[in-house]
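Notes follow once the structure below has been shown.
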Ligand code: SF4
Ligand code: SF4
């Protein structure tokens, strides 16, 4: 069965992006998509990866990367909204490419469906009260 | 039978006033007709809660001993006006912090003051014979300072154009983040709840009208800056920015929930203000106008990637805009609001509650007519 999972990988050398993608494609026939990568001055960093492929192979790929010494974790929650700060203006709703954020047509309060979040970060700077954050 | 302010206030005092919000009254007028509704309803409450850049606060710090005549003043590193008397200032909402981290400004100082937080005051002066001191470094709170009142030169814009971006890059504007090739469009009006869309020709709103301002009681002080009337109307209301109001109100009564500092990426600082204006239902005509609904209020969409001259590209109703998408040349554009509709509704409900409980009386405006006709001048660039 084809599924999509998102992973967070902490790495210590920046060339890791290529080797991880190579392992995933060549050994497990998975479709990787790097959603976000942050690399600091010393070459270490963090990468958010979406993987599409056979469910069993996804599990095996995760094990394989762990064995290869990568710090890999499946991502459950990504976008976070601070409900005390949010004033439900709605500015973020038209920014999200995957439709995670919508305005309830009755209450006019913001609805978040973070299962659709690809952690692209586009919404973050649309919020004027800094209520949105990405947890990586 | 027309009513008077005195009759309505008498009913408010005795707890018998019938109050509807501008949203609730739509159905009532549709089913019972304006004539009957006008007899039943005494007051309609409106509300808006959006970014209003032309806002700020006058403050008097009190004198220190020895005293100082402050000419260069910082509040939490935000420069505020040093051009008034010794310890008076005006905090402009859009003033930006001098701290390199940014993201904080005059509006945040105002919000923090109202929230009861301690604010760092650092000020310098020339030192004179009567004000010997040259600098002061201390902390203040809203309780300590003598006076603090909002005076917002331009609030409550009657309507506002919809913003989109036809260019190939994302642009950051006071209408928010606009994605390339018209992927989105933003708008900013409380529509059917908005004060000046319910009383579009200011029949009841004028200098001295008592209002809900930032959670406390405030007043309409004057026509707002950039007040204009030469805007096309549809269903009796303008389709773009037209009339505005200058508002005043004591910060010591306010609630920080309704006065919020905004850090608009790529633009700067602004302030979101919750404002509610009561409309006395003096006659049937006033009632009819209060029944306007989002499907009858329109705004024009313009291209913010054009630095000047933005001709209208399309016209949409607020009912369409609030669905989250509109169609343009066969293509869907995602729409989002820059002002909080739930916030506007909350304000209108709070004000309704005050009036129903006899806690808020209507104030008949002074006999100072606001302009019936007014156009705006352009800034000319002259050599001398
Ligand atoms: S991070 Fe991207 S996908 Fe997730 S909510 Fe924000 S805009 Fe949507
Ligand atoms: S932009 Fe920020 S304040 Fe506005 S609805 Fe989104 S999260 Fe809430």
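Chains as they are written, first to last, in my numbering: chain A, 226 to 361; chain B, 798 to 1181. Even for Gly, the Cβ is constructed at its ideal location relative to N, Cα and C.
Problem set entry | Residue environment, residue 310 (chain A), which counts as buried when at least 16 other CB atoms sit within 10 Å | If you number the first chain from 1, residue 310 (chain A) lands on position 85. Exposed, since its Cβ has fewer than 16 Cβ neighbours within 10 Å.
For this session: In the DSSP assignment, find the unbroken beta strand (DSSP E) run with residue 884 (chain B) in it and report its ends.
Result: Position 87 of the second chain, counting from 1, holds the residue named residue 884 (chain B). That residue, residue 884 (chain B), is in no beta strand (DSSP E); it is neither H nor E in DSSP.
For this session: Leaving aside the five residues before and after residue 263 (chain A) along the sequence, list all residues of the same chain whose C-beta is less than 6 Å from its C-beta, in chain order.
Result: For this step, residue 263 (chain A) is matched to residue 38 along the first chain. Closer than 6 Å at the Cβ level, and outside the excluded window around residue 263 (chain A), lie 270 and 271.
Problem set entry | C-beta neighbour in chain B for residue 313 (chain A), strict 8 Å | Counted from its first residue, the first chain places residue 313 (chain A) at position 88. It does; some Cβ of chain B falls within 8 Å.
For this session: Note down, in chain order, every chain A residue with its Cβ under 7 Å from the Cβ of residue 1140 (chain B).
Result: Translated into positions along the second chain, residue 1140 (chain B) becomes position 343. Simply 312 and 313.
Exercise. Name the DSSP beta bridge partners of residue 1205 (chain B), please?
Worked result: Here chain B has residues from 798 to 1181 only, and residue 1205 (chain B) is not among them.
Exercise. Roughly how far, in whole angstroms, is the beta-carbon of residue 890 (chain B) from the beta-carbon of residue 1067 (chain B), given that I think they are within contact range, below 8 Å?
Worked result: To locate residue 890 (chain B), count along the second chain from 1; it is residue 93. To locate residue 1067 (chain B), count along the second chain from 1; it is residue 270. Contact flag correct, Cβ pair sits at about 6 Å.
For this session: Kindly indicate which residue of B:862, B:806, B:1107 and B:1052 has the alpha-carbon position closest to the one of residue 914 (chain B).
Result: Taking the first residue of the second chain as 1, we reach residue 914 (chain B) at position 117. Of B:862, B:806, B:1107 and B:1052, the residue nearest in Cα terms is B:1052.
Exercise. Which residues in chain B sit within 9 Å of residue 350 (chain A), going by Cβ to Cβ distance?
Worked result: The count along the first chain starts at 1 and reaches residue 350 (chain A) at position 125. Ordered by position in chain B, the residues that pass the 9 Å Cβ test against residue 350 (chain A) are 969, 974, 1062 and 1063.
Problem set entry | heavy atom of ligand 2 below 7 Å from residue 306 (chain A) C-beta | As a position in the first chain, residue 306 (chain A) is number 81, starting the count at 1. Yes, ligand 2 has a heavy atom inside 7 Å of this Cβ.
For this session: Check whether the Cβ of residue 352 (chain A) sits closer than 7 Å to any heavy atom of ligand 4, and report yes or no.
Result: Ligand 4 is not part of this structure, which contains only ligand 1 and ligand 2.
Problem set entry | residue 354 (chain A), DSSP secondary structure in three states | In the first chain, counting from the first residue as 1, residue 354 (chain A) sits at position 129. In this structure, residue 354 (chain A) counts as coil in the three-state DSSP scheme.
Exercise. Are the stretch 834-853 of chain B and the stretch 809-819 of chain B touching, with three or more C-beta to C-beta distances below 8 Å?
Worked result: yes
For this session: Compile a chain-ordered list of the residues in the stretch 295-306 of chain A whose CB is closer than 8 Å to at least one CB of chain B.
Result: none
For this session: Residues of the stretch 1123-1149 of chain B with a CB closer than 9 Å to any CB of chain A: list them in chain order, please.
Result: 1130, 1131, 1132, 1133, 1134, 1135, 1136, 1137, 1138, 1139, 1140, 1141 and 1142
For this session: For residue 356 (chain A), verify whether its CB is less than 7 Å away from any heavy atom of ligand 1.
Result: Residue numbering aside, residue 356 (chain A) sits at position 131 when the first chain is read from its first letter. No - ligand 1 has no heavy atom lying nearer than 7 Å to the Cβ of residue 356 (chain A).
Exercise. Where does residue 852 (chain B) fall in DSSP's three states?
Worked result: As a position in the second chain, residue 852 (chain B) is number 55, starting the count at 1. DSSP places residue 852 (chain B) in coil when its eight states are reduced to three.
For this session: Spatial neighbours of residue 1063 (chain B) within its chain, please: CB distance less than 6 Å, with the 5 preceding and 5 following residues excluded, ordered by chain position.
Result: Here residue 1063 (chain B) is taken as the residue at index 266 of the second chain, counted from 1. Answer for residue 1063 (chain B): 969, listed in chain order.
Exercise. Taking Cβ-Cβ distances below 7 Å as the criterion, which residues of the stretch 325-341 of chain A are in contact with chain B?
Worked result: 327, 328, 332, 333 and 334
Exercise. If we ignore side chains and look at the alpha-carbon of each, how far apart do residue 895 (chain B) and residue 875 (chain B) end up?
Worked result: If you number the second chain from 1, residue 895 (chain B) lands on position 98. If you number the second chain from 1, residue 875 (chain B) lands on position 78. Each residue's alpha carbon lies about 6 Å from the other.
Problem set entry | Selected residue, minimal CA-CA separation from residue 933 (chain B), among B:834, B:1140, B:883 and B:1005 | Mapped onto the second chain, residue 933 (chain B) falls at position 136. It is B:883 whose Cα lies nearest to the Cα of residue 933 (chain B).
Problem set entry | Contact residues within the stretch 1033-1061 of chain B, judged by C-beta distance below 9 Å to chain A | 1054, 1057, 1058, 1059, 1060 and 1061
Exercise. Would a C-beta distance cut-off of 8 Å place residue 344 (chain A) and residue 359 (chain A) closer than the cut-off?
Worked result: If you number the first chain from 1, residue 344 (chain A) lands on position 119. If you number the first chain from 1, residue 359 (chain A) lands on position 134. The answer is yes: Cβ separation under 8 Å.
Exercise. By a C-beta neighbour count over all protein chains shown, 10 Å radius and 16 as the cutoff for buried, is residue 1014 (chain B) buried or exposed?
Worked result: Here residue 1014 (chain B) refers to the residue found at position 217 of the second chain. Buried: at least 16 other Cβ atoms inside 10 Å.
Exercise. Is the stretch 1121-1132 of chain B close to the stretch 986-995 of chain B, with three or more CB pairs under 8 Å?
Worked result: no
For this session: List in chain order: all unbroken alpha helix (DSSP H) runs of 4+ residues lying wholly within the stretch 1105-1143 of chain B.
Result: 1115-1118
Exercise. Is there at least one Cβ from chain A nearer than 8 Å to residue 988 (chain B)'s Cβ?
Worked result: In the second chain, the residue the question calls residue 988 (chain B) occupies position 191. No, residue 988 (chain B) lies away from the interface with chain A (no Cβ there is under 8 Å from its Cβ).
Exercise. Under 8 Å between the Cβ atoms of residue 877 (chain B) and residue 1078 (chain B)?
Worked result: Counting from one through the second chain, the residue named residue 877 (chain B) turns up at place 80. Counting from one through the second chain, the residue named residue 1078 (chain B) turns up at place 281. Cβ atoms of residue 877 (chain B) and residue 1078 (chain B): not closer than 8 Å.
For this session: Verify the CB distance criterion: does residue 323 (chain A) have a CB-CB separation below 8 Å to chain B?
Result: Along the first chain, read from residue 1 onward, the residue named residue 323 (chain A) stands at position 98. Taking Cβ atoms only, chain B never reaches closer than 8 Å to residue 323 (chain A), which makes this a no.
Exercise. Comparing the C-beta of residue 277 (chain A) with each C-beta of chain B, is any distance below 8 Å?
Worked result: The sequence position of residue 277 (chain A) within the first chain is 52, counting from 1. Answer no: the Cβ-Cβ gap between residue 277 (chain A) and chain B never drops below 8 Å.
Exercise. Considering only the beta carbon of each residue, do residue 1036 (chain B) and residue 956 (chain B) sit closer than 8 Å?
Worked result: One-based indexing of the second chain puts residue 1036 (chain B) at position 239. One-based indexing of the second chain puts residue 956 (chain B) at position 159. Contact: yes.
Exercise. Along chain A, which residues have their Cβ under 9 Å away from the Cβ of residue 1069 (chain B)?
Worked result: In the second chain, the residue the question calls residue 1069 (chain B) occupies position 272. Within chain A, the residues near residue 1069 (chain B) are 312, 314, 353 and 354.
Exercise. If you measure from the beta carbon of residue 983 (chain B) to each beta carbon in chain A, is any gap under 8 Å?
Worked result: Numbered from its first residue, the second chain carries residue 983 (chain B) at position 186. Taking Cβ atoms only, chain A reaches closer than 8 Å to residue 983 (chain B), which makes this a yes.
Exercise. Excluding the five sequence neighbours on either side, which residues of its own chain have a C-beta within less than 6 Å of the C-beta of residue 900 (chain B), listed in chain order?
Worked result: One-based indexing of the second chain puts residue 900 (chain B) at position 103. Within the same chain, residue 900 (chain B) has close Cβ partners 1060.
Problem set entry | Near-chain A residues of the stretch 1100-1123 of chain B - C-beta to any C-beta below 7 Å | 1121
Exercise. Beta-carbon of residue 318 (chain A) versus every beta-carbon of chain B: anything under 8 Å?
Worked result: Counting from 1 along the first chain, the entry for residue 318 (chain A) is found at position 93. Residue 318 (chain A) counts as touching chain B.
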